[in-house]
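So the mapping is simple: my numbering equals the position in the sequence shown, first residue as 1, plus 1.
All C-beta atoms, glycine included, are put in the ideal place defined by N, C-alpha and C.
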Amino acid sequence: MAEKSLIQILKTSNSENALATSLTYSEPGEAEEVEYDDVAKDKLDMDLDEVENGADVTGDNTPKDHADRHLNGGDDEIEFDELADGTNYKKMTSDERTKLSAATEEPTASTLVKRDAGGQSKFQTVSVKNTDSNGELRIVSEYAYTEIAIATDTVVINFTKLIPGTLILGCQIRPDSVRTDGADEYDAEYNDGGTVQSICEQVDVGDQVKKHFDVNGAKGEPTADTNIVITTSGAYDFTGGAFHATVYFYDFVVMS
């Protein structure tokens, strides 16, 4: 018989009988019996495949606690980097592992914050909040865009949050493959039914704009719903492409 040592089964702490200290088996087709050392057969009521695949061989017996062997000063110490002696270690819970795996650089509620490849993270809003919920001031951004489907000299980018009670801080405008049938320039302004404040004039349709609101030139608090209106800088039309814009503003959260 080609005899193989399969597994070392240790004696448990509260067992009255010793489990097998060694186990051998015969090659397939051979008639020789499996040999057991000093153990009743009913202590090994599982087949060899189960044992090899990690089945519980302790039965009703509780394995002896041997954690001290692996802690500081034990004869089989597990090293944890260079942390100070006496440091307590805690296993991460399944809930903690789930939250760690879900970390993202996107502005997703109830998730851990992860930086992107550029070292940045996104936040939906930045808030200054009173600890007892009696008032909150938020710095908010809103993005919108308008595609140019037909020839026109005016493009309106509509926003839903630039309303009375907010305070405009500034904006960015990005033309996207904008074409015209004349000079390639555009003007832009904040508009609530009338001009609130000019943003830019005679900018090339290939150029982006970023502009702080001029608090000395106009009141930054809208008196009506406010959008960004973009026009050609002369007597010609936009014929295609799109304009994208993001506005930035303060917003109050009502006191509770």
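Assigned with DSSP and collapsed to three states, LEU72 falls in coil, not helix or strand. The C-alpha of MET93 is placed about 54 angstroms away from the C-alpha of CYS201.
With fewer than 16 other Cβ atoms inside 10 Å of its own Cβ, VAL114 counts as exposed. For GLU190, no alpha helix (DSSP H) segment is defined; the enclosing uninterrupted segment is the beta strand (DSSP E) at 186-192. ARG139: not part of any alpha helix (DSSP H); member of the beta strand (DSSP E) spanning 137-148, first to last residue. Within the same chain, LEU138, ARG139, ILE140, VAL141, THR167, LEU168, LEU170 come within 8 angstroms of TYR251 by CB-CB distance, once the 5 residues on both sides are set aside.
Here ILE164 has PRO223, ASP226 as same chain residues with Cβ atoms under 7 angstroms from its own Cβ, once five neighbours each way along the sequence are excluded. Three or more beta-carbon pairs separated by less than 8 angstroms are not found between the segment 150-158 and the segment 195-211, which leaves the two stretches without contact. Per DSSP, the unbroken alpha helix (DSSP H) holding LEU101 starts and ends at 95-102.
Taking 8 angstroms as the cut-off, the Cβ atoms of VAL248 and GLU97 do not count as close. Shown here, THR112 sits in coil according to DSSP, grouped into three states, outside any helix or strand. For TYR249, the enclosing beta strand (DSSP E) covers residues 239-254. Within the same chain, and ignoring the five residues on either side of SER199 in sequence, the residues whose Cβ sits closer than 7 angstroms to its Cβ are GLU190. Annotation for ILE200: the continuous beta strand (DSSP E) segment containing it runs 196-205.
Setting aside the 5 residues that flank it on each side, TYR146 is surrounded in the same chain by ILE158, ASP177, ALA243, PHE244, HIS245, ALA246, each with a C-beta closer than 8 angstroms to its C-beta; the list follows chain order. By the CB criterion at 8 angstroms, SER122 and GLU106 fall inside the cutoff. In this structure, DSSP gives PRO165 an extended state, which the three-state scheme calls strand. Inter-residue distance for PHE239 and HIS213 is about 26 angstroms (C-alpha atoms, whole angstroms). For CYS172 and SER234, the gap between their C-alpha atoms comes out near 20 angstroms. GLU186 and LYS100 have their C-alpha atoms spaced approximately 49 angstroms apart. Residue pairing from DSSP places GLY171 in a beta bridge opposite HIS213, TYR249. In the three-state scheme derived from DSSP, where H, G and I count as helix and E and B as strand, THR105 is classed as strand.
DSSP, reduced to helix, strand and coil, places ASN228 within a strand of the structure shown.
ARG175 sits away from GLY241, with the two beta carbons spaced by 8 angstroms or more.
Between THR112 and ALA104, the C-beta spacing is below 8 angstroms. Short of 8 angstroms from the beta carbon of GLY75, and not among the five residues preceding or following it, lie these beta carbons of its own chain, in chain order: ASP69. If the five residues before and after GLY221 are omitted, its C-beta is found closer than 7 angstroms to the C-beta atoms of LEU168, ILE169, PHE214, all from its own chain and listed in chain order.
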